[in-house]
Amino acid sequence: KLYFIIGKHDEAFEDLTRLLKIETDNTIALRYRGEINYMMKRYNESIAA
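Okay, so the sequence shown: first residue is 204 according to the working numbering, each after it adds one.
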C-alpha cells in the first residue's frame, strides 16, 4: 500500500500480484491492483482485476 500512496505504481502492482498468488481472494489487493491499472490507463485490465 505504501508504494501505491507514494506513486510507485509498478512496484505496488508487483507486490499486489505476489500477494494474490498467496491469497487469491484478497479483495483489498484486488481493488488496489484494479485502481493501479486504471491510473496507468490499462482500462481492460482494471475491469478484469
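Beta carbons are placed, not taken as given, at the ideal position from N, Cα and C, and that holds for glycine.
Length of the line joining the Cα atoms of Thr-220 and Tyr-235: If you number the sequence shown from 1, residue 220 lands on position 17. If you number the sequence shown from 1, residue 235 lands on position 32. For Thr-220 and Tyr-235, the distance between alpha carbons rounds to 10 angstroms.
Cα-Cα separation, Tyr-246 to His-212: Within the sequence shown, the letter at position 43 stands for residue 246. Within the sequence shown, the letter at position 9 stands for residue 212. For Tyr-246 and His-212, the distance between alpha carbons rounds to 15 angstroms.
Distance CB(Ala-232)-CB(Leu-223) smaller than 7 angstroms: As a working mapping, residue 232 is identified with position 29 in the sequence shown. As a working mapping, residue 223 is identified with position 20 in the sequence shown. Closer than 7 angstroms, so yes.
DSSP three-state assignment for Glu-226, whether helix, strand or coil: Taking the first residue of the sequence shown as 1, we reach residue 226 at position 23. In this structure, Glu-226 counts as coil in the three-state DSSP scheme.
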